[in-house]
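Protein sequences, first through last, are from chains B and X.
In case it helps, this note's numbering puts the first sequence at residues 14 to 356.
In case it helps, this note's numbering puts the second sequence at residues 14 to 356.
Notes follow the structure.
Protein chains: 2
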Amino acid sequence: MAATIKDIAISVGLSHQAVSYALRGSPKVAEATRQRVFLAAKDLGYRPNTTARAIRSGRHRSIGLLLSTVSKRSYLPIQLIGGLDTEAAARGLMLTMGGLPDDKLTREGFVPRLLSEWSADGLLINYQEGIPERLIQLMRAERVPSVWINTKQEAACVYADEIDAGDRAATHLLELGHKRIAFVDFSHRADELQSVHYSARDRQAGYERAMTRAGLSAEVFRGGGPVVEDNHERARYARSIVSSGDRPTGIICYSISTATHVLIQSMLAGISIPNELSVISFDDQSNGGTGILLTTMIVPQREIGVTAVRNLAMRIEEPNEVTAPVAVPFGFAAGESVATVSK
Amino acid sequence: MAATIKDIAISVGLSHQAVSYALRGSPKVAEATRQRVFLAAKDLGYRPNTTARAIRSGRHRSIGLLLSTVSKRSYLPIQLIGGLDTEAAARGLMLTMGGLPDDKLTREGFVPRLLSEWSADGLLINYQEGIPERLIQLMRAERVPSVWINTKQEAACVYADEIDAGDRAATHLLELGHKRIAFVDFSHRADELQSVHYSARDRQAGYERAMTRAGLSAEVFRGGGPVVEDNHERARYARSIVSSGDRPTGIICYSISTATHVLIQSMLAGISIPNELSVISFDDQSNGGTGILLTTMIVPQREIGVTAVRNLAMRIEEPNEVTAPVAVPFGFAAGESVATVSK
DNA sequence: AATAAATGATTTATCGTTTGACGGTGGGCA
DNA sequence: TGCCCACCGTCAAACGATAAATCATTTATT
Numbered sequence: 014m015a016a017t018i019k020d021i022a023i024s025v026g027l028s029h030q031a032v033s034y035a036l037r038g039s040p041k042v043a044e045a046t047r048q049r050v051f052l053a054a055k056d057l058g059y060r061p062n063t064t065a066r067a068i069r070s071g072r073h074r075s076i077g078l079l080l081s082t083v084s085k086r087s088y089l090p091i092q093l094i095g096g097l098d099t100e101a102a103a104r105g106l107m108l109t110m111g112g113l114p115d116d117k118l119t120r121e122g123f124v125p126r127l128l129s130e131w132s133a134d135g136l137l138i139n140y141q142e143g144i145p146e147r148l149i150q151l152m153r154a155e156r157v158p159s160v161w162i163n164t165k166q167e168a169a170c171v172y173a174d175e176i177d178a179g180d181r182a183a184t185h186l187l188e189l190g191h192k193r194i195a196f197v198d199f200s201h202r203a204d205e206l207q208s209v210h211y212s213a214r215d216r217q218a219g220y221e222r223a224m225t226r227a228g229l230s231a232e233v234f235r236g237g238g239p240v241v242e243d244n245h246e247r248a249r250y251a252r253s254i255v256s257s258g259d260r261p262t263g264i265i266c267y268s269i270s271t272a273t274h275v276l277i278q279s280m281l282a283g284i285s286i287p288n289e290l291s292v293i294s295f296d297d298q299s300n301g302g303t304g305i306l307l308t309t310m311i312v313p314q315r316e317i318g319v320t321a322v323r324n325l326a327m328r329i330e331e332p333n334e335v336t337a338p339v340a341v342p343f344g345f346a347a348g349e350s351v352a353t354v355s356k
Numbered sequence: 014m015a016a017t018i019k020d021i022a023i024s025v026g027l028s029h030q031a032v033s034y035a036l037r038g039s040p041k042v043a044e045a046t047r048q049r050v051f052l053a054a055k056d057l058g059y060r061p062n063t064t065a066r067a068i069r070s071g072r073h074r075s076i077g078l079l080l081s082t083v084s085k086r087s088y089l090p091i092q093l094i095g096g097l098d099t100e101a102a103a104r105g106l107m108l109t110m111g112g113l114p115d116d117k118l119t120r121e122g123f124v125p126r127l128l129s130e131w132s133a134d135g136l137l138i139n140y141q142e143g144i145p146e147r148l149i150q151l152m153r154a155e156r157v158p159s160v161w162i163n164t165k166q167e168a169a170c171v172y173a174d175e176i177d178a179g180d181r182a183a184t185h186l187l188e189l190g191h192k193r194i195a196f197v198d199f200s201h202r203a204d205e206l207q208s209v210h211y212s213a214r215d216r217q218a219g220y221e222r223a224m225t226r227a228g229l230s231a232e233v234f235r236g237g238g239p240v241v242e243d244n245h246e247r248a249r250y251a252r253s254i255v256s257s258g259d260r261p262t263g264i265i266c267y268s269i270s271t272a273t274h275v276l277i278q279s280m281l282a283g284i285s286i287p288n289e290l291s292v293i294s295f296d297d298q299s300n301g302g303t304g305i306l307l308t309t310m311i312v313p314q315r316e317i318g319v320t321a322v323r324n325l326a327m328r329i330e331e332p333n334e335v336t337a338p339v340a341v342p343f344g345f346a347a348g349e350s351v352a353t354v355s356k
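Written as structure tokens, this is what we have:
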């Protein structure tokens, strides 16, 4: 059915090996011959069989995407996938995924299968949760080119620059004249801060850096727990913050759900946003229901995806090159939840 | 490095072909011999090279996942991925994805590449938006086993049973004594209903079916437009519904964002949920900020994934078997937004 | 003019596996 | 005793490509 190099060879009267060289642009075939080969290839609708190619050359032109997730409610950002997909396609790489921890067996099996059965060229690791020691050892032992996504660590990794984002969010409010700016995070308890994702710490750290630079003091409110369970408690906490007599004029929210709590409680308390209170958040602009379009720092998912594949491709080509961690800057989306300070 | 069947052959003193037969359980080798082969295979840490296998047998044991999305804000449910992943792994199938419409080139290229370069065995198509005619023709022409996900159509497909879900949501409220039950959808305008995703029509249809069966009349409120732009308008609409003098006692919301609008406006209007108003929604229980845990009909993403892979595997084995569309029932999650009718 | 180097293509070998044709061995049956 | 057949394997080719070695021409060097 599908045309192979042998079909091309017959059609142009060459050996199939010569066709192979020609198609790959080897200097061993004459330019004129190459032209003929390309023409015939196009004519016959030839497409190289990557599978056959892989068996001999050892390069499969495919990379694995090792998935993982903390919670059942978690989503895989389509923008991240989009970035991965676009860059992979541009480089002729196929993206094979698996390894979700739903099933122990699946999880254990994916990486070995990918490498020895599939002879994949490299691995993208998308772990929000803690990285299993076993996995790290496996990577080292097999010397598989790999890049971690959305994780800050010593090895090759690509992540969003949370510190910078926290700083920029604060700076944005400072430039509008705000002096009392608070950082609010209902997604993590203060006492569990060390064990959770670095974004919880880094966004705050960036915020604090900007405040210190401006010679102002930081105010941090933390609370809540697992997402759904303590929703009432969070609502109360949000209320106590916004309806306090000397509340801040600006609030930086760690997450969209934190922001929604703040917005709703402000509305309930009759506090006008952005006139009486400026709110800036992270992630997504849509906040499902308040009617207020948030000003947010946007996780550069797409860019992270593109960068990750690019870096992995580099590591595959040059396994000995040392690849440094890459921090991708956040995007900024102006909404209607921020204003110059009133008084 | 990695052991091949030849290594096994040497170790047990057989031809490599015999080993091949033994490993695949062919009746051509004696049971005792097979045992020896398996032992040696385990000893040497043998893993079949799928790539080499594919080139000869034509079966790659891999399936493609063709992605697509309407909006930039869309997510790929991790539960769906989980279902696909688990079932694929159980069947020894690898899952290769691509084809997002970010880039025309990528999109056009993915399917042909997957099939002719990759020799993938089948295709899962995850299209929420309209299905390109070109794609359908391609599938037909190439006779690729394929299954559509989350799409209702004549060919093999797996989708959530929206009609049933709408019916069950209404029935749930009816059983609690509600008579005035409304269906609210802020995600679609009434005039665009025909052109949008069937879920918008089917959830309503199910609701209407249940109401008719109970001998009650349906009340449908639709409005809004693209998600972010008309948020204010929606908030107003929600307010007008819940603060109306003779409002319904129960509301079925098409989506979580619709539900959030309803909840917030109820809170602002001082209407107690669920005491004065019962709300039941779709999708996700978390509603980011109101503090109320919603009662919802949950899209069976995981089950859809499992079923889709299972069906595709069947179509790959038996290409001539006719596979009917499969409707997977929704899950139900009890929350705290529904109560027996007050008066 | 003889030799060396460059050029362009062919030959042969190989990757790891599957596949179909074929061949010894031994037992059952007439 | 002879014949057939089931059983258990081996052989050799094939899959679609790559890679190295080799060979036949030209073209350049002295």
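Just so you know, even glycine gets a beta-carbon here, dropped at the ideal spot from N, CA and C.
As the structure is a computational prediction, the values presented were derived from the model and not from experiment.
{"query": "Endpoints, the alpha helix (DSSP H) within which L186 of chain X is located", "result": "175-188"}
{"query": "Through-space distance from A326 of chain B to G71 of chain X, alpha-carbon basis", "result": "28 Å"}
{"query": "Nearest-angstrom beta carbon gap, V319 of chain B and G96 of chain B [assumed within contact, 8 Å]", "result": "4 Å"}
{"query": "Whether D177 of chain B touches Y267 of chain B by CB criterion (8 Å)", "result": "no"}
{"query": "I329 of chain B versus R249 of chain X - alpha carbon distance", "result": "55 Å"}
{"query": "Nearest-angstrom Cβ-Cβ length linking L57 of chain X and S24 of chain X, presumed shorter than 8 Å", "result": "7 Å"}
{"query": "Own chain, CB closer than 7 Å to P332 of chain X, minus 5 neighbours either side, in chain order", "result": "P158"}
{"query": "Test item: CB-CB of P287 of chain B and V351 of chain B under 8 Å", "result": "yes"}
{"query": "7 Å Cβ shell around L49 of chain X - same chain, five flanking residues per side excluded", "result": "Before going further, note that residue 49 of chain X is Arg rather than Leu in the sequence given. Answer for R49 of chain X: V25, listed in chain order."}
{"query": "Within-8 Å CB hit, M110 of chain B to chain X", "result": "yes"}
{"query": "Contact list for T303 of chain X against chain B, beta-carbon separation under 9 Å", "result": "N244, A248, T273, H274, I277, G302"}
{"query": "Cross-strand partners of R235 of chain X (DSSP beta bridge)", "result": "X:D198"}
{"query": "The segment 179-190 of chain X touching the segment 220-232 of chain X, judged by at least three CB pairs closer than 8 Å", "result": "yes"}
{"query": "Per DSSP, the bridge partner or partners of F295 of chain B", "result": "B:M310"}
{"query": "Bridge partners - G135 of chain B, DSSP secondary structure assignment", "result": "B:I76"}
{"query": "Helix, strand or coil at I286 of chain X [DSSP, three-state]", "result": "coil"}
{"query": "Opposing strand residues paired with A352 of chain X [DSSP bridges]", "result": "Per DSSP, none; premise fails for A352 of chain X."}
{"query": "C-beta neighbour in chain X for M280 of chain B, strict 8 Å", "result": "yes"}
{"query": "Local conformation of F345 of chain B per DSSP, three classes", "result": "strand"}
{"query": "For M110 of chain B: DSSP bridge partner residues", "result": "B:L78, X:L108"}
{"query": "Interface residues of chain X facing G122 of chain B [CB-CB closer than 8 Å]", "result": "A102"}
{"query": "Cβ pair T303 of chain X, A346 of chain X closer than 8 Å", "result": "no"}
{"query": "For V160 of chain B: DSSP bridge partner residues", "result": "B:L137"}
{"query": "For A227 of chain X, three-class secondary structure by DSSP", "result": "coil"}
{"query": "Per-residue burial, S84 of chain B [other beta carbons within 10 Å of its own, 16 or more giving buried]", "result": "Summary for S84 of chain B: the model assigns pLDDT 49, below 50, so the residue's position carries little reliability; its value from the coordinates is reported in the next sentence. Flag for S84 of chain B reads exposed."}
{"query": "P145 of chain B - DSSP class collapsed to helix/strand/coil", "result": "coil"}
{"query": "Sequence-distant residues of its chain with Cβ nearer than 8 Å to G283 of chain X (five each side left out)", "result": "none"}
{"query": "C-beta neighbour in chain B for W161 of chain X, strict 8 Å", "result": "no"}
{"query": "Chain B contact for T64 of chain X (CB, 8 Å cutoff)", "result": "yes"}
{"query": "CB contact flag (F234 of chain B, Q217 of chain B, <8 Å)", "result": "no"}
{"query": "Cβ pair count under 8 Å reaching 3, the segment 96-112 of chain B against the segment 41-48 of chain B", "result": "no"}
{"query": "I23 of chain X, enclosing alpha helix (DSSP H) - first and last residue", "result": "18-25"}
{"query": "Beta-carbon neighbours of L89 of chain X, restricted to chain B and to distances below 7 Å", "result": "Y88, L89, I91, I94"}
{"query": "Member of B:F295, B:D297, B:L276, B:D296 whose CA lies at the smallest distance from the CA of E289 of chain B", "result": "B:L276"}
{"query": "Span of the alpha helix (DSSP H) around I254 of chain B", "result": "244-255"}
{"query": "8 Å Cβ shell around G348 of chain B - same chain, five flanking residues per side excluded", "result": "Q298, I305, L306, L307, T308, T309"}
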